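Chemist: With positions in the sequence shown counted from 1, the corresponding number in our numbering is that position plus 742.
The C-beta atom is built at its ideal place from N, Cα and C for all residues, glycine as well.
Here the structure is a predicted model, which means the values were calculated and not measured.
Okay, here's the structure, questions in a sec.
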Amino acid sequence: MTTTPSSAPLLSNTTLAPSPACLYRHSVDPDAMASVFEQLVAEVTSALSADALAGALDAGIDSMSAILRAIPILEGKVLERGISLIATTNPDLVVLTDNLRLPVTPAAMQLVEKNAVHLYRSLTLDADSGGRRSYTPDLLILNRPTRIAHVIDVKRSLSSYEVSRIAALKSRMLAAALVVPDLLYKEHRRLVAEDVRVVIVNAESQRTDIDGGIWPLSHLDHLLEINGAGAAMTRLRELFREKITGNWTGARRQLHGAPDFQSGEGGQGTATADETNERTSLAASGAANDADPAKAAGHATMPRIGFAKVPGSELR
């Protein structure tokens, strides 16, 4: 069964209950993933080293503005790769991240915009159909035993998104989902999807609509069927911010000619009140920018299209 749109508004402040422990067969331990996460963060943030930040600070406001704009974009990349990494720990999942350009035809958009989900949820369109418009999801994940595919768009924040912009994104995702069964069957070794669901994962969790396809990181457990997935992603996000803050502190010390305690030079030290204020300012500046990276049919059963659904919610 697919999820139909909720009658609730797109913006919801409802408190979400935490995922039950050991709900699924597979689990991930954030502590056990620490070294892998640190390696991922170091790789993604290599362009924002202490030296690079010091150079930008010394060069002037234009260079510094470019650095600040890059931070949320890199955080988005960390989130995408982190979810993919965690998803691979569930052997039931097929995780696709490359070459995912899905055509969005005028016919598909008309189906989505002019009809309720239940009127087109059993339709599928040809993945070879051309068109100027397309949609590139961050991830496409298929659960082979259940034959449920999720088209996933990862956002570090939706704070700068107007309601109309979110609605347009969801419509484009639903239209693109219509070609997913055909795409998986033809181009990915006859993989079969009988149910295609779309979901926007919002890392900051400040705007959620579970029935309408906007999920917080805490609900990754349900999306990936992996206990602890949400907690692991929260830890990864913390590591990213700690790394950026550490590099920022190191850059300031370089410019002031002070020892770089972050890299181990000159012994151990603690941040001054001034540095703490600047860290807070940097985090606020990064949050003001929103990353928006550019993002078959199994012939035994007609596929269904709809929003992501928490397992068991069909019974409510």
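1. Is the beta carbon of L916 sitting closer than 9 Å to the one on V837?
2. Rounding to the nearest angstrom, what Cα-Cα distance links G824 and G999 in this structure?
3. Among P879, L911 and M1044, whose alpha-carbon lies nearest the alpha-carbon of R863?
4. Quick one, which of H961, V820, A918 and G970 has its alpha-carbon nearest K1051's?
5. Note down, in chain order, each residue of its chain lying with its Cβ closer than 7 Å to the Cβ of A829, except the 5 sequence neighbours on either side.
6. Among I942, G955 and A891, which has the Cα closest to the Cα of Y927?
7. Using the beta-carbon count (16 or more within 10 Å), is I968 buried or exposed?
8. What does DSSP give as the partner residues of H961 in its beta bridges?
9. Since A812 and L790 are thought to touch, with beta carbons under 8 Å apart, how far apart are those beta carbons, to the nearest angstrom?
10. Measure the alpha-carbon distance for K897 versus A801 and round it to whole angstroms.
11. Is the beta carbon of I942 sitting closer than 9 Å to the one on I956?
12. Are the Cβ atoms of M775 and R977 separated by less than 9 Å?
13. With respect to the alpha helix (DSSP H) encompassing L838, which residues constitute its N-terminal and C-terminal limits?
14. Only counting the same chain, and skipping five residues up and downstream in sequence, which positions put a Cβ closer than 7 Å to that of R914?
15. Buried or exposed: where does R874 fall if 16 or more other Cβ atoms within 10 Å of its Cβ makes it buried?
16. Less than 9 Å between the beta carbons of A849 and A918, yes or no?
17. Report the start-end ranges of each beta strand (DSSP E) in the stretch 794 to 860 that is 3 residues or longer and not cut off at the edges.
18. Under a Cβ-count criterion, where at least 16 other Cβ atoms within 10 Å of its own Cβ denotes burial, should R767 be classed as buried or exposed?
19. Would DSSP call I976 helix, strand or coil?
20. Rank N832, V820 and P923 by C-alpha distance to the C-alpha of L867 and give the top, closest one.
21. Measure the alpha-carbon distance for Q996 versus L799 and round it to whole angstroms.
22. With a threshold of 6 Å on Cβ separation, who are the neighbours of V778 within its own chain once the five nearest residues in sequence on each side are excluded?
23. When the Cα atoms are used, what is the spatial distance from A971 to D870?
24. Whose C-alpha, out of A792, T787 and L765, is nearest the C-alpha of G992?
25. Looking only at DSSP bridge pairs, what is G1048 linked to?
26. Please name the residue in L853, T950, G1054 and H964 whose C-alpha comes closest to that of Y903.
27. Label P814 either buried or exposed according to how many other C-beta atoms from any shown protein chain fall within 10 Å of its C-beta, with 16 as the threshold for buried.
28. Hey, would you say the C-beta of R995 is under 8 Å away from at least one heavy atom of the ligand HEM?
29. Classify L861 as buried or exposed, calling it buried when 16 or more other Cβ atoms lie within 10 Å of its own Cβ.
30. Hey, how far is the Cα of E822 from the Cα of L881?
31. On the CB-based measure, 16 or more other CB atoms within 10 Å of its CB, does I803 come out buried or exposed?
32. Indicate the three-state DSSP secondary structure (helix, strand or coil) for A891 in the structure shown.
33. Considering I908, what are the terminal residues of the alpha helix (DSSP H) in which it resides?
34. Using the beta-carbon count (16 or more within 10 Å), is S899 buried or exposed?
Modeler: Result, derived from the coordinates:
1. no
2. 36 Å
3. M1044
4. H961
5. L835, V837, I883 and L966
6. A891
7. buried
8. Per DSSP, none; premise fails for H961.
9. 7 Å
10. 31 Å
11. yes
12. yes
13. Looking at the DSSP string, L838 is not in any alpha helix (DSSP H); the run it does join, the beta strand (DSSP E), is L835 to L838.
14. V846 and Y877
15. exposed
16. no
17. 835 to 838
18. exposed
19. This sequence places Thr at residue 976; Ile is not what is there. Three-state result, T976: helix.
20. P923
21. 10 Å
22. none
23. 35 Å
24. A792
25. R939
26. T950
27. buried
28. For the structure depicted, the ligand HEM is absent and the ligand set is empty, with no information on it obtainable.
29. exposed
30. 8 Å
31. exposed
32. strand
33. V905 to A919
34. buried
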